[in-house]
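Undergrad: Okay, so the sequence shown: first residue is 2 according to my numbering, each after it adds one.
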Amino acid sequence: MSKVRHGYVLRKSISILLIFLVSFATSYAHGLSDSHSKDPEEVNKRVEDLEKRLQQLEPPKPTTIVTLPWEIETEKHYPSETIPISEVLDKGTKIHFNVIKNDPNYKRPVYEEHWHSTYWGGRWSYVPNRIHYALHRLFTTYDIGISGELNFKQNVGIDFPMFQNKTDLDLYIVVFQTTVTDVYTKGNQVIVVGTPERNGVQVLTIKTGDLHPTDLSKLLLIQLATPLGHELDYSLIVYEPPDFWLKQIQKAKERKR
Numbered sequence: 002m003s004k005v006r007h008g009y010v011l012r013k014s015i016s017i018l019l020i021f022l023v024s025f026a027t028s029y030a031h032g033l034s035d036s037h038s039k040d041p042e043e044v045n046k047r048v049e050d051l052e053k054r055l056q057q058l059e060p061p062k063p064t065t066i067v068t069l070p071w072e073i074e075t076e077k078h079y080p081s082e083t084i085p086i087s088e089v090l091d092k093g094t095k096i097h098f099n100v101i102k103n104d105p106n107y108k109r110p111v112y113e114e115h116w117h118s119t120y121w122g123g124r125w126s127y128v129p130n131r132i133h134y135a136l137h138r139l140f141t142t143y144d145i146g147i148s149g150e151l152n153f154k155q156n157v158g159i160d161f162p163m164f165q166n167k168t169d170l171d172l173y174i175v176v177f178q179t180t181v182t183d184v185y186t187k188g189n190q191v192i193v194v195g196t197p198e199r200n201g202v203q204v205l206t207i208k209t210g211d212l213h214p215t216d217l218s219k220l221l222l223i224q225l226a227t228p229l230g231h232e233l234d235y236s237l238i239v240y241e242p243p244d245f246w247l248k249q250i251q252k253a254k255e256r257k258r
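Next up, the structure:
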């Protein structure tokens, strides 16, 4: 196809699209007005609801977001002393891990029903957040709160069992499109070694008692890497001691006295 012909087709397609959008918007506006013309309060409520949904979907103004605000705060506590992944694999400690969920055929969906702006007030519908989660394949969390558990599972889009161990806390690691083979640790770093795959999801647990961070004022750096030491993704999370839940129970008892 010649450039002239291609340009004509492109302009024609854009024109048709613009006509369709204008027609759709006009029809919708007329429909809204006609259907509720005798009830202005209903119209105002409808507009207000749509505005709230829009706020849950996108930033208030056009902008480029490279890093989300909460990520910027998290990065401030990035471990100050890190070493190459290859060195952790060579000189670090290999630790035990449990696979509590393994679905090698799992395909990450483009969109989930509960990400819609009408679901739970649009709690998980914010587009920058959705893109953030889509960009990563490694996620970490603890079983230290119902609200946190709900948000985490709804954001990553999968469910899995959690164990509230009073004296032996688990760190949960969700890994997409990777078959994990080993886990190593040294200082504030934890290296999850695995083979990249086209599909699949695994959920692992490791014991925080097996971790010995050298700087408790900094976060743990969890890195997903290939057996050759190439980083695929990373996650930052605060270190919590094995007896986290036991201390929470003791604090609750003290408050009741």
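We treat Cβ as the ideally placed atom computed from N, Cα and C, and that holds for glycine.
(1) Considering just the uninterrupted stretch of the alpha helix (DSSP H) at TYR127, what are its terminal residues?
(2) If you draw a straight line from the alpha carbon of VAL48 to that of PRO41, how long is it in whole angstroms?
(3) Between the C-alpha atoms of TRP121 and HIS115, what's the straight-line distance to the nearest angstrom?
(4) Starting from the Cα of LEU90, find the closest Cα among THR206, PHE161, GLY230 and ASN130 and give me that residue.
(5) Could you check whether the Cβ of LEU51 sits closer than 8 Å to any heavy atom belonging to the ligand SAH?
(6) What is the DSSP secondary structure of TYR240, counted as helix, strand or coil?
(7) Quick check: the region 202-217 against the region 87-105, are at least 3 beta-carbon pairs closer than 8 Å?
(8) Which of the three DSSP states is assigned to LEU205 in this structure?
(9) Give the DSSP-derived three-state secondary structure of VAL67 in the structure shown.
(10) Which whole-angstrom value describes the C-beta separation of GLU232 and ILE132, a residue pair presumed to lie in contact below a C-beta threshold of 8 Å?
(11) Using a 10 Å radius around the Cβ and a threshold of 16 neighbouring Cβ atoms, would you call ALA135 buried or exposed?
(12) Have a look at THR180 and ARG109 and give me their C-alpha separation to the nearest angstrom.
(13) For a test of the three-state rule: what should DSSP assign to ASN152, helix, strand or coil?
(14) Which residue's Cα is closest to the Cα of LEU172: VAL193, THR182 and GLN155?
(15) For the beta strand (DSSP E) containing ILE101, name the first residue and the last one.
(16) Quick one: what's got a C-beta closer than 6 Å to LEU51's C-beta in the same chain, skipping five residues either side?
(17) I'd like to check one pair, LEU225 with TYR240: are the Cβ atoms closer than 9 Å?
(18) Is DSSP giving ASN200 helix, strand or coil here?
(19) With DSSP run on the structure shown, which of helix, strand or coil describes ILE250?
(20) Among ILE250, LEU212 and VAL111, which one has its Cα closest to the Cα of THR94?
(21) In this structure, what does DSSP give as the bridge partners for ILE192?
TA: So, to answer that:
(1) Numbered from its first residue, the sequence shown carries residue 127 at position 126. No alpha helix (DSSP H) holds TYR127; DSSP gives it neither H nor E.
(2) Within the sequence shown, the letter at position 47 stands for residue 48. Within the sequence shown, the letter at position 40 stands for residue 41. One C-alpha to the other measures close to 11 Å.
(3) Start at 1 with the first residue of the sequence shown, and residue 121 comes out as number 120. Start at 1 with the first residue of the sequence shown, and residue 115 comes out as number 114. Going from the Cα of TRP121 to the Cα of HIS115 covers about 8 Å.
(4) The count along the sequence shown starts at 1 and reaches residue 90 at position 89. The residue with the shortest Cα to Cα distance from LEU90 is GLY230.
(5) Of ligands this structure carries none, so the ligand SAH is not represented either.
(6) In the sequence shown, the residue the question calls residue 240 occupies position 239. TYR240 falls in the coil class under three-state DSSP.
(7) yes
(8) The residue given as residue 205 occupies position 204 in the sequence shown. Note: LEU205 maps to strand in three-state DSSP.
(9) Within the sequence shown, numbered from 1, the residue matching residue 67 stands at position 66. DSSP places VAL67 in coil when its eight states are reduced to three.
(10) Position 231 of the sequence shown, counted from the first residue, corresponds to residue 232. Position 131 of the sequence shown, counted from the first residue, corresponds to residue 132. Their Cβ separation, rounded to whole angstroms, is 20 Å, which puts GLU232 and ILE132 out of contact at 8 Å.
(11) Looking up residue 135 in the sequence shown gives position 134. Its Cβ having fewer than 16 others within 10 Å, ALA135 is exposed.
(12) Along the sequence shown, one-based indexing puts residue 180 at 179. Along the sequence shown, one-based indexing puts residue 109 at 108. Whole-angstrom Cα-Cα distance: 15 Å.
(13) Within the sequence shown, residue 152 is the residue found at index 151, counting from 1. Three-state DSSP puts ASN152 in a helix.
(14) Here residue 172 refers to the residue found at position 171 of the sequence shown. Distances from the alpha-carbon of LEU172 to those of VAL193, THR182 and GLN155 put VAL193 closest.
(15) Against the sequence shown, residue 101 aligns to sequence position 100. From DSSP, the beta strand (DSSP E) with ILE101 extends over 99-104.
(16) In the sequence shown, residue 51 corresponds to position 50, counting from 1. No residues qualify anywhere along the chain.
(17) Translated into positions along the sequence shown, residue 240 becomes position 239. Translated into positions along the sequence shown, residue 225 becomes position 224. Contact flag unset, no.
(18) Position 199 of the sequence shown holds residue 200. Strand, per DSSP.
(19) Your numbering for residue 250 matches position 249 in the sequence shown. Reduced to three states, the DSSP call for ILE250 is helix.
(20) Taking the first residue of the sequence shown as position 1, residue 94 is located at position 93. The shortest Cα separation from THR94 among ILE250, LEU212 and VAL111 belongs to LEU212.
(21) Counted from its first residue, the sequence shown places residue 192 at position 191. TYR185 and GLN224, per the DSSP bridge assignment.
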